[in-house]
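Chemist: In the working numbering, the protein residues as written are 81 to 145. Even for Gly, the Cβ is constructed at its ideal location relative to N, Cα and C. Since the structure is predicted, the reported quantities are computational estimates derived from the model, not experimental observations. Just passing along the structure, written as structure tokens.
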Amino acid sequence: KLGGATAEIMCGLLSFEADRRAVNITINSIGTELTRDDRRKLYSNFGLLYPYGHEELAVCEDVDQ
């Protein structure tokens, strides 16, 4: 049976992993031909950054933003 402590721990871990990947996608796509819309399609649909943080990351044009 799923749920309980396993669900609590995995939810946090998966949210962190989704956010980490969104940041990595953003950093690795800066300076490439990938458009903002293409970048948005690569982001997951969960995590603490979803959806507002993903919108901010999608428009970044350099690492300092």
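In the structure shown, what three-state DSSP assignment does N108 receive?
Modeler: Sequence index remark: in the sequence shown, residue 108 carries index 28 (1-based). Helix at N108.
Chemist: What does the alpha-carbon distance come out to for the pair E88 and L137?
Modeler: Sequence index remark: in the sequence shown, residue 88 carries index 8 (1-based). Sequence index remark: in the sequence shown, residue 137 carries index 57 (1-based). Cα-Cα distance, rounded: 27 angstroms.
Chemist: So, is T106 buried or exposed, given that buried needs 16 or more other C-beta atoms within 10 angstroms?
Modeler: If you number the sequence shown from 1, residue 106 lands on position 26. The residue is buried, with at least 16 neighbouring Cβ atoms inside 10 Å.
Chemist: Comparing C-alpha positions only, which one of C91, S109, D99, T86 sits nearest to G133?
Modeler: Indexing the sequence shown from 1 puts residue 133 at position 53. The residue with the shortest Cα to Cα distance from G133 is D99.
Chemist: When you compare the CB positions of I110 and D142, do they come within less than 8 angstroms of one another, or not?
Modeler: Locating residue 110 in the sequence shown gives position 30, counting from the first residue. Locating residue 142 in the sequence shown gives position 62, counting from the first residue. Against a cut-off of 8 angstroms, the Cβ pair of D142 and I110 comes out as a contact.
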